[in-house]
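Peer 1:
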Amino acid sequence: MIKFKEFTIGLLIFLWMIASFLVWWVLSGLVEPPSGNLVPPKIRQITRQAEALIYPYVWRQYIFTTE
Amino acid sequence: MIIISVIYTTGYALINLLLGLVLLKFCFRKNYLKQPASIMIITGFLLGQGVLASLWLILVIAGMLKFKLVMIISVLILITGLFIWSELVEFVKIILVSLTKQLKELTWIWKFILFLIMVLILYFAIGSLILPLHPDAEGFYMVLPKVLAYTGKLFCQSSCPDFSVGLLGEMHSAVLMIISDLSAAKFFVWFDALATAGLLISLGTQIGLKARGKVIILALLFTSRTFVNYIYNGKPDIYGAVFGLAAYYWTLKMKGNRLAQILTGLFTGFAVVAKLSNILVIVPGIFIMFCWIYWDEFKNNRKNIKSIIQSVFLSGLTIILSFGLAFSSNMVKNKILFNDPFSSSYSLNQSGSWSNPVWQKDKKDLPNMPVTAESTQENEIDGAVVGKDTNLIIAQSFRLDKPDYVSAVSLYLKNNSAIDNSGQLTVKIESDNGKDEPSGNLVDLNAIKSIRSYNNTYQWETVNFDPPLILYSDTLYWIVAEGTKSGEDTGYILGTDGNSSTYTKGFKAVFTNGMWDRDLDTDLYFKVYTDKGIEGYLPPDGRISSKFSNFVKTKMHFTLVIDYAKTKLALPWLIVKNTFFIFYTSPLAFTLWNRPGQDGTLSILVLIFLPFFFWRGQVNLVYRQILIMALTGVILWLLIRSDVIHPRYILATLLLFLPIIAYGIEKVFVEKKSLVLQFAIIGAILTVLGCFIVTLSYLPKDFFQLTAHRIKMTDLAGNNYDSLNYINKNVPVDTQVLIMGVFPYYLKPEFILTTYTVDWTNLYGAIQYGEGWSFVAQYNYKYVVFQKINPMSIGKVLENSLKPDRIKVEKVYSDPYADIYSVEKK
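Taken in order, these protein sequences are the chains called A and B.
Taking our numbering, the leading residue of the first sequence gets 1, the next gets one more, and so forth.
Taking our numbering, the leading residue of the second sequence gets 1001, the next gets one more, and so forth.
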């Protein structure tokens, strides 16, 4: 018999795992190689722009001058 | 050649192990055999490393670190090691039996995961042998060992301040370069990486992990970029991490165990020597654990307070003395170099202070340094407007009472422009021409800086000199301020005392119509700062302390110019106002986010598996103790040094979280919580491991091509190898060479010995006047190397600036990473 509480916790953890993995992998403009190397440059460019929105000003310059 | 490096390094690792085991056996005979075999092997290996590093440092101070002596000591250790050979074999047997038993506990899928981790570990071994150096290693970390290996002595020119850091990993690198080469030096770190893994597994055993949990620890560790990067890139951070973890391990065992107390003190000391930041994160955690253990003892045995107090005193003393012992050789080195056994003062002064708390938002207006000369602020009036159009330069003379290191000068000034177009104010320190006028000659290459202020009201503005200027007593020097921007209402107004001179050892002078007009009755408002924290700093101009004969003394020929253009962008955490941003993004950034200059994170698996930390059920005492030590270190670091972005600074403490996370994950399998979660966990581990293996799969290919002699080791060297090799082959000794960049590793060691590093702003003034090349020729540089680190660099500005007719500038070498020009006066 499936316990409801355990099932819910398990489901939430599973969703967390999928979500954090996706952020790292699919939007991996946010992370460094090796994953970054496996992501198409266009996606990387988009995620870099997303990253720039929350960065302090001088860091934004860094993002766009190093890639 | 690579195979030879592997053999040498393996032999050297064995020597470290034997020395450590011999010391353990003879000092702690009873306790020695009671410990688990694996932990004694790791402890022996690390103890040997710590002791040998101290010995090598003493030898280098004595100027005796040479091949013959290293070999004699190594052979002696090997012979002594014969006494414990049978025990070593016994230890290995026990470990093999234990490993076999634990392998049998694993299902096929976990065996497959373990196989992939082993492949990855093998890749990192290959990487440590063949991958090029990290730029930091090319600029500093491997440069010191290279020259130490070449000279066998301390050398102290521009690198002198660098020696304020503890030397542990650097000493092993130097010795391995003496007996073999760079690959051997880098490969040694791989053994420390294995020791790190072993310590984490041992901590895992303490909290109740089974075989599966230990495989998870390995997966988390070897997919953490902030760890694996340092296995192969030449930076010594893993030394600090492995000693820190050893200190944590023995802390947990310290109750009533003298061996554990001594090892806690020693390993903490070695960890701090290897990475100074460990003192802020490891020591508080160990102190809390110490209090915890003896508080428990007090609660359980309240009647016997006297014996508990005695026990606390003796244990505390043992740990402190052991810590001091591990630190002693570096104290000797610091005493000799900086006249201060506890000195890391130079590097601390560079970064400002020990702490840069998150709540600190604003810097002080004036530097927190002693003032060695200043005028008095009385009857303030406006000085003349200093701007390019006004054709006016203003100067103030001063004298020092004693020779000193001048590290900053402040002027009281305001911007004359309402619309902020005054440009910069160039501030120089010039010598006197013998007629009580500025001579036009800088007292040092570094004695020119710029100020830019947007304030229309008076305030103190400061320029810093790094390295500091050496100025002598009873000599007249001049602070010369010059505007740079054309246009009406531009320039700066310098605050001046009005009625009579308040400063008796100097006076103001104004340059108009081609001549200096001295005004003996007025003074600019100024302050000249000295820096007591760097009294022992030895200047980069050959004026080296004659007291210590083992320094290498040479005349400088190579100038490395720090190209801040990139650094300013890459290291923006130095800006205090970003501290709070760094603070609140830190927990996430440790695993997910590679902020500028962060240089790696913990494995993404740590973030993916984070929920299992909260869904783990009952835990034992050791689990709680490890968690408390880890949290103490990380929280303290975030609060007081959140301006430092790198996880590597607190690597040992961060790695403590790996067994904690692994515990929660293993519970999912042990308690058979959910089949879907089990699949998800295995899938995540396999994907991330696969990701690493795929992207690093070029390593075995390169390795086999090297061993088959299809490519040469130099083909895999860093970007600056070819250009500096050109210099090595074509530039005669004693030639002045200017390198726009800070990566001298591939220069010949005899050339590196003659390098010193300066702030780029000494050239900046000249470049902004279009006189950069004249400046280069004036200082007799025959070659200029542009290391192309960034298109925005000041080097690029110089390279593209106009070459005057009177100077012959010719490009003699070019590759994608560097250009070299020869310079000749016509």
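Quick reminder that beta carbons are idealized off the backbone N, C-alpha and C, glycines included.
As the structure is a prediction and not an experimental result, all values here were calculated from the model.
Tell me the rounded alpha-carbon separation between Lys1636(B) and Val1281(B).
Peer 2: Here the question's residue 1636(B) lines up with position 636 in the second sequence. Here the question's residue 1281(B) lines up with position 281 in the second sequence. According to the sequence as given, residue 1636(B) is Leu; it is not Lys. Straight-line Cα distance between these residues: approximately 7 Å.
Peer 1: Which residues in the same chain have their Cβ closer than 7 Å to the Cβ of Phe1692(B), if we skip the five residues on either side of it in sequence?
Peer 2: In the second sequence, the residue the question calls residue 1692(B) occupies position 692. Within the same chain, Phe1692(B) has close Cβ partners Leu1120, Thr1223.
Peer 1: Is the stretch 1220-1236 of chain B touching the stretch 1131-1143 of chain B in the sense that three or more CB pairs, one from each, lie closer than 8 Å?
Peer 2: Judged by Cβ distances under 8 Å, the stretch 1131-1143 of chain B makes contact with the stretch 1220-1236 of chain B, as three or more pairs qualify.
Peer 1: Could you check which residue in Ser1453(B), Ile1320(B), Gly1495(B) has the C-alpha nearest to that of Ile1394(B)?
Peer 2: As a first step, residue 1394(B) must be located in the second sequence, where it is residue number 394. Among Ser1453(B), Ile1320(B), Gly1495(B), the Cα nearest to that of Ile1394(B) is on Gly1495(B).
Peer 1: Here's a check: name, in chain order, each residue in its chain whose Cβ is nearer than 8 Å to the Cβ of Lys1826(B), leaving out the five neighbours to either side.
Peer 2: The residue given as residue 1826(B) occupies position 826 in the second sequence. Excluding sequence neighbours, Lys1826(B) sits near Asp1805, Arg1806, Ile1807, Lys1808.
Peer 1: Measure the alpha-carbon distance for Ser1005(B) versus Asp1181(B) and round it to whole angstroms.
Peer 2: In the second sequence, counting from the first residue as 1, residue 1005(B) sits at position 5. In the second sequence, counting from the first residue as 1, residue 1181(B) sits at position 181. When rounded, the distance between both Cα atoms is 7 Å.
Peer 1: Identify the contact partners of Lys1673(B) in chain A, using a Cβ-Cβ distance below 8 Å as the criterion.
Peer 2: Locating residue 1673(B) in the second sequence gives position 673, where the first residue counts as 1. Here the neighbours are Glu6, Gly10.
Peer 1: Could you round the C-beta distance between Leu1655(B) and Thr1264(B) to whole angstroms and report it? I think they count as a contact, below 8 Å.
Peer 2: Here residue 1655(B) corresponds to residue number 655 of the second sequence, with the count starting at 1. Here residue 1264(B) corresponds to residue number 264 of the second sequence, with the count starting at 1. That belief does not hold up - the Cβ atoms of Leu1655(B) and Thr1264(B) are roughly 17 Å apart, past 8 Å.
Peer 1: Would Leu1059(B) pass as a contact of Leu1019(B) if the rule is Cβ separation under 8 Å?
Peer 2: For the purposes of this step, residue 1059(B) is taken as the residue at position 59 of the second sequence. For the purposes of this step, residue 1019(B) is taken as the residue at position 19 of the second sequence. Going by C-beta atoms, Leu1059(B) is not nearer than 8 Å to Leu1019(B).
Peer 1: If you compare alpha carbons, which of Phe1290(B), Tyr1781(B), Leu1218(B), Ile1661(B) is closest to Ala1247(B)?
Peer 2: As a first step, residue 1247(B) is located in the second sequence; it is residue number 247 there, counting from the start. With distances taken between Cα atoms, Ala1247(B) lies closest to Phe1290(B).
Peer 1: Suppose you measure from the CA of Lys1402(B) to the CA of Trp1292(B); what does that come to, to the nearest Å?
Peer 2: As a position in the second sequence, residue 1402(B) is number 402, starting the count at 1. As a position in the second sequence, residue 1292(B) is number 292, starting the count at 1. If you take the alpha carbons of Lys1402(B) and Trp1292(B), they lie about 52 Å apart.
Peer 1: In chain order, what are the residue ranges of uninterrupted alpha helix (DSSP H) at least 4 long that sit wholly in the stretch 1017-1102 of chain B?
Peer 2: Those alpha helix (DSSP H) runs which fall completely within the stretch 1017-1102 of chain B and span 4+ residues are 1029-1032, 1037-1061, 1067-1081.
Peer 1: Run the CB neighbour count on Val1812(B), radius 10 Å, all protein chains shown included, and call it buried at 16 or more, exposed below.
Peer 2: Locating residue 1812(B) in the second sequence gives position 812, counting from the first residue. The residue in question, Val1812(B), is exposed, as its Cβ has fewer than 16 Cβ neighbours within 10 Å.
Peer 1: At 3 residues or longer, what runs of the beta strand (DSSP E) sit wholly inside the stretch 1623-1666 of chain B?
Peer 2: Complete beta strand (DSSP E) runs here, min 3: none at all.
Peer 1: Against chain A, which members of the stretch 1599-1610 of chain B pass a CB distance test of less than 8 Å?
Peer 2: Hits within the stretch, in order: Gly1600, Thr1601, Ile1604, Leu1607, Ile1608, Phe1609, Leu1610.
Peer 1: Just the chain A side, please: which residues come within less than 7 Å of Ala1684(B) by C-beta, in chain order?
Peer 2: The residue given as residue 1684(B) occupies position 684 in the second sequence. Neighbours of Ala1684(B) on chain A, chain order: Met17, Phe21.
Peer 1: Here's the rule I'm using: 16 or more other beta-carbon atoms within 10 Å means buried, otherwise exposed. How should Glu1810(B) be labelled?
Peer 2: Taking the second sequence and counting its residues from 1, one reaches residue 1810(B) at position 810. The residue in question, Glu1810(B), is exposed, as its Cβ has fewer than 16 Cβ neighbours within 10 Å.
Peer 1: Return no unless some Cβ of chain B is closer than 8 Å to the Cβ of Ile43(A).
Peer 2: One-based indexing of the first sequence puts residue 43(A) at position 43. No, its Cβ sits nowhere closer than 8 Å to a Cβ of chain B.
Peer 1: Report yes if the CB atom of Trp1853(B) is closer than 8 Å to the CB atom of Met1171(B), and no otherwise.
Peer 2: Nothing in the structure corresponds to residue 1853(B), since chain B is present only between 1001 and 1826.
Peer 1: Pull up the DSSP beta-bridge partners for Trp1460(B), would you.
Peer 2: Here residue 1460(B) refers to the residue found at position 460 of the second sequence. DSSP output for Trp1460(B) lists Tyr1412(B) as bridge partner(s).
Peer 1: What are the residues of the stretch 1625-1637 of chain B that lie near chain A, defined by any Cβ-Cβ distance shorter than 9 Å?
Peer 2: Residues passing the 9 Å Cβ filter: none.
Peer 1: Pick from Pro1647(B), Val1622(B), Gln1618(B), Gly1617(B): whose alpha carbon is nearest that of Ser1603(B)?
Peer 2: Along the second sequence, one-based indexing puts residue 1603(B) at 603. Of the candidates Pro1647(B), Val1622(B), Gln1618(B), Gly1617(B), the one whose C-alpha sits nearest the C-alpha of Ser1603(B) is Pro1647(B).
Peer 1: If Leu1200(B) sits next to Pro1659(B), beta carbons under 8 Å apart, how far is it from one beta carbon to the other, in whole angstroms?
Peer 2: As a working mapping, residue 1200(B) is identified with position 200 in the second sequence. As a working mapping, residue 1659(B) is identified with position 659 in the second sequence. Indeed, because the Cβ distance is near 6 Å, the residues count as touching under 8 Å.
Peer 1: Just how far apart, CA to CA, sit Gly1533(B) and Ser1407(B)?
Peer 2: The residue labelled residue 1533(B) in the question sits at position 533 within the second sequence. The residue labelled residue 1407(B) in the question sits at position 407 within the second sequence. Reliability of the predicted coordinates at Gly1533(B) is poor, the pLDDT of 32 falling under 50, and no value is obtained from them.
Peer 1: Just the Cα atoms here: how many angstroms apart are Ala1708(B) and Ile1727(B)?
Peer 2: Locating residue 1708(B) in the second sequence gives position 708, where the first residue counts as 1. Locating residue 1727(B) in the second sequence gives position 727, where the first residue counts as 1. When rounded, the distance between both Cα atoms is 30 Å.
Peer 1: What span of residues does the beta strand (DSSP E) with Tyr1813(B) cover, start to end?
Peer 2: Your numbering for residue 1813(B) matches position 813 in the second sequence. Its beta strand (DSSP E) spans residues 1807-1815.
Peer 1: Ordered along the chain, which non-local residues of its own chain (more than five positions away) have a Cβ less than 6 Å from that of Ile1279(B)?
Peer 2: Taking the first residue of the second sequence as position 1, residue 1279(B) is located at position 279. Excluding residues within five positions, the ones whose Cβ falls inside 6 Å are Val1272.
Peer 1: Determine the direct distance from the alpha carbon of Phe1614(B) to that of Leu1096(B), and round the result to whole angstroms.
Peer 2: For the purposes of this step, residue 1096(B) is identified with residue 96 of the second sequence, where counting begins at 1. For the purposes of this step, residue 1614(B) is identified with residue 614 of the second sequence, where counting begins at 1. Roughly 35 Å separates the two Cα atoms.
Peer 1: Run the proximity test for Lys1034(B): is its beta-carbon closer than 7 Å to any non-hydrogen atom belonging to the ligand ATP?
Peer 2: Looking for the ligand ATP in the displayed structure turns up nothing, as the structure carries no ligands at all.
Peer 1: If you measure between the beta carbons of Gly1208(B) and Ile1217(B), is that distance less than 8 Å?
Peer 2: What you label residue 1208(B) is simply residue 208 of the second sequence in a count that begins at 1. What you label residue 1217(B) is simply residue 217 of the second sequence in a count that begins at 1. Cβ atoms of Gly1208(B) and Ile1217(B): not closer than 8 Å.
Peer 1: Confirm, please, whether the CB-CB distance from Phe1287(B) to Phe1243(B) is below 8 Å.
Peer 2: Sequence index remark: in the second sequence, residue 1243(B) carries index 243 (1-based). Sequence index remark: in the second sequence, residue 1287(B) carries index 287 (1-based). No, Cβ-Cβ distance for Phe1243(B) and Phe1287(B) is not below 8 Å.
Peer 1: Evaluate Val1676(B) with the Cβ neighbour count: other Cβ atoms within 10 Å of its Cβ, from every protein chain shown; 16 or more gives buried, anything less gives exposed.
Peer 2: Counted from its first residue, the second sequence places residue 1676(B) at position 676. Val1676(B) is exposed by the Cβ-count criterion.
Peer 1: Give a yes or no on whether the C-beta atoms belonging to Asn1446(B) and Leu1469(B) are separated by under 8 Å.
Peer 2: As a working note, residue 1446(B) is residue 446 in the second sequence. As a working note, residue 1469(B) is residue 469 in the second sequence. Taking 8 Å as the Cβ cut-off, Asn1446(B) and Leu1469(B) qualify as a contacting pair.
Peer 1: Could one say the Cβ of Trp1295(B) lies closer than 8 Å to chain A's Cβ atoms, at least one of them?
Peer 2: Within the second sequence, the letter at position 295 stands for residue 1295(B). Chain A contact via Cβ: absent.
Peer 1: In whole angstroms, what is the alpha-carbon distance linking Phe1507(B) and Ile1739(B)?
Peer 2: Start at 1 with the first residue of the second sequence, and residue 1507(B) comes out as number 507. Start at 1 with the first residue of the second sequence, and residue 1739(B) comes out as number 739. In a straight line, the C-alpha of Phe1507(B) is about 38 Å away from that of Ile1739(B).
Peer 1: How many Å lie between Ala1818(B) and Val1670(B) at the Cα?
Peer 2: Counted from its first residue, the second sequence places residue 1818(B) at position 818. Counted from its first residue, the second sequence places residue 1670(B) at position 670. Near 57 Å, if we compare the C-alpha coordinates of Val1670(B) and Ala1818(B).
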